[in-house]
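See structure below.
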Amino acid sequence: MDISLREFRETTAVRRLIIAVFASGVSVVGTSFALYGTSKDFLVISASRVFLDILPGSIVASIIWSFGDYSLAVSLIVFGFFGAIATGTLGCLGYLFGARSVESRQPVAGTVSSFVLVSLAALPVSNGFVPVVVPAIVGAAATVLVLGHWHLADEEPTDRARRSLLKTAAAIGGYNAIAHVVGVFRGHGGGLPDTLDNSDGEPIQQALDDAASKSFDIDGMPGLAVDIGEFYKVDINPRPPVVDESNWSLSVTGKVGTERTFDYESIQERETINEFQTLRCLGDPVDGKQIGNALWTGTPLLDLVDEANPNGSHLVLRAADDYYYSMPIEMAEGALLAYGMNGETLPRAHGFPVRALVRSRWGKLNVKWIEEIEVVDEFASGYWEERGWDGMDTVNTVVKLQATNRLSNGAVQIGGHAYAGARGIQEVEVSIDGGETWDTATLADPLEDPDTWRQWKYEWQPERSSYDISLRATDGTGETQTRIRTDPYPAGATGWTRRELDVQL
Ligand SMILES: Nc1nc2c(c(=O)[nH]1)N[C@H]1C(S)=C(S)[C@@H](COP(=O)(O)O)O[C@H]1N2
Ligand SMILES: [Mo]
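Taking this note's numbering, I'd label the letters of the sequence shown as residues 49 to 553.
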């Protein structure tokens with residue numbers, strides 16, 4: 049009798065502890081989410097960043113590059129779940145430790161100690177002290193609400209005690225549900241202003257129409273201008289930072305005669321350039337999909353720098369998510385500060401309010417959510433360079449095989465885009481017999497802007513049921529791609545594109 053009563057008390061105690069761990073941890077994470085949305089101050093975001101930073105660069109890259117739109121949400125939930133368990137466990141341990149080390153006022157001592165332990169543990173993975181304070185206070189409050197009557201577990205639990213525990217748990221759950229909704233709302237950042245001035249929208253429409261008319265009509269293949277929804281994204285965070293354009297500004301700092309600051313409106317009032325530019329990620333394999341081309345609306349980047357009278361040799365572009373890249377000033381020749389994409393306000397995922405676009409280089413230099421351009425004396429590295437990547441050169445030549453179709457006349461049709469930065473594409477060659485013989489593909493008319501990809505297609509009547517396809521391009525300088533295949537890490541993928549194609553005869 050005595051033993052079973054003790055067991056009963058112990059299971060109640062364990063249950064209460066589990067509820068307390070969840071209530072405490074979820075309240076920390078939920079409060080942080082409600083306060084900061086998916087900005088870098090959100091503990092789950094800052095912790096995931098610290099976590100990614102201790103992994104080797106190539107692994108970080110593959111994690112980041114495999115974050116599709118859905119895995120982004122999933123990764124947040126997974127990180128959030130484990131974060132809640134960890135902080136909840138610490139919060140409860142802190143409480144018990146505090147409560148047991150004093151004779152009276154145990155709930156007060158427990159709460160304080162819970163707060164202190166959670167704050168200390170969260171500090172190394174948070175973006176400063178401020179983002180920790182309120183979540184840790186709320187977490188400690190949830191902990192004392194559940195554990196505050198801990199001694200109840202030493203007595204026979206009454207129905208009243210059980211009911212009040214359930215009520216407390218429900219209230220904390222309700223609070224966190226609301227916090228979650230607030231966080232989701234903040235994370236989306238609301239709608240974007242319709243700021244792209246379309247009064248001289250003619251050139252934008254003309255350019256998009258021109259791209260559409262030059263594009264081959266091939267099933268399943270993107271046009272020369274990729275739709276915003278289809279455009280690849282690479283982001284070091286699971287969610288893009290939400291930047292409020294009315295508080296945003298871009299400053300030119302460092303080795304300058306006079307520091308300059310530009311707000312969103314003043315950037316748009318400057319000389320306007322509408323220009324296609326292709327982006328390709330340094331981590332994109334030969335057969336990968338991290339490439340796209342869009343019409344960007346913006347203003348020349350170096351004009352802003354010039355107005356500050358620079359007297360250094362390099363620039364460091366810095367962003368709201370602490371991403372940065374430095375480069376020699378000459379490399380930014382022709383670079384844009386873009387606020388429009390395919391005739392729309394630059395989407396948050398692609399850098400709203402303003403991003404940099406640097407010609408002919410790997411995608412990583414096109415700093416999104418840019419906030420500062422610092423003039424310095426020497427190369428000052430960049431986010432991926434710090435992680436072992438090495439790709440400040442112009443892009444490697446690549447051929448993408450993006451569509452394989454069967455036409456109504458029985459022919460096999462293949463097509464895609466080839467890209468070599470501003471070198472341009474002179475020729476794409478196709479081999480359907482594993483590289484024995486080569487034929488030239490048909491090229492679509494090029495876009496007029498320098499750093500853009502080119503469309504190719506090739507058709508033949510099949511006689512076998514299997515084809516070993518190889519593709520290689522020759523850039524505008526007459527250089528044909530090397531056959532040697534290398535991985536993207538560290539300096540960008542090289543080699544010909546190959547694909548086995550089975551055909552129904
Ligand atoms: N601020 C910031 N800029 C950034 C990145 C980032 O994570 N943060 N990713 C870079 C990388 S690696 C690439 S390939 C391009 C991708 O641009 P997109 O997402 O618009 O396609 O943005 C670059 N600019
Ligand atoms: Mo990239």
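Note that beta-carbon positions come from the ideal geometry of N, C-alpha and C, so glycine has one too.
Inter-residue distance for A68 and L350 is about 56 Å (C-alpha atoms, whole angstroms). Under DSSP, L141 takes part in no beta bridge, so it has no partner. Only residues of its own chain outside the window of five on either side were considered, and among them V334, A541, T542, G543 and W544 have a CB closer than 8 Å to the CB of R533, listed in chain order. The distance from the Cβ of S72 to that of A190 is about 5 Å, consistent with a contact at the 8 Å cut-off.
Secondary structure at Q529: coil, using DSSP grouped into helix, strand and coil. Ligand 2 has no heavy atom closer than 7 Å to the beta-carbon of W417.
Non-local C-beta neighbours of I185 in its own chain, meaning closer than 7 Å and more than five positions away in sequence, comprise F163, ordered along the chain.
Residue nearest to V182 within the set T320, D89, L384 and S518 is D89 (criterion: CA-CA distance). Ligand 2 never approaches G340 closely enough for any of its heavy atoms to be under 7 Å from the residue's Cβ. A heavy atom of ligand 1 is found nearer than 7 Å to the CB of K412. Collapsing the DSSP output to three states places N453 in a strand. For T206, DSSP records no beta bridge to any residue.
For Q503, the number of other beta carbons within 10 angstroms of its own is at least 16, and it is reported as buried. With a cut-off of 8 Å on Cβ pairs, the region 313-329 is not in contact with the region 357-366, counting fewer than three such pairs. Going by DSSP, L100 is part of the alpha helix (DSSP H) stretching over L91 to D101. Nearest C-alpha to A95 among P104, L171 and P494: L171.
Beta bridge pairing from DSSP links N341 with T326. Distance from the C-beta of G399 to the nearest heavy atom of ligand 1 is below 7 Å. DSSP places M379 within a helical segment (H, G or I) once states are collapsed to three.
The beta carbon of A470 lies closer than 7 Å to those of R407, S408, P498 and D499 in the same chain, with the five residues before and after it left out. For Q509, there is no enclosing alpha helix (DSSP H), as DSSP gives it neither H nor E. At a Cβ-Cβ threshold of 8 Å, S75 and I220 count as neighbours. Nearest C-alpha to V460 among E511, Y431 and P288: E511. The alpha carbon of P179 has as its nearest neighbour, out of K505, S87 and N359, the alpha carbon of S87. Of the residues V353, R435, K262 and I276, the one whose Cα lies closest to the Cα of K303 is V353.
Classified as exposed, V62 has fewer than 16 neighbouring CB atoms from the shown chains inside 10 Å of its CB. Checking the DSSP bridge columns, you'll see A367 partnered with I418. Between the alpha carbons of M379 and D438 lies a distance of about 16 Å.
By the Cβ test, the region 462-478 is in contact with the region 255-270, since at least three Cβ pairs between them sit closer than 8 Å. Assignment of S479 by DSSP, reduced to helix, strand and coil, places it in the strand class. Inter-residue distance for D550 and T442 is about 35 Å (C-alpha atoms, whole angstroms). In terms of Cβ geometry, W417 and R403 form a close pair [threshold 8 Å].
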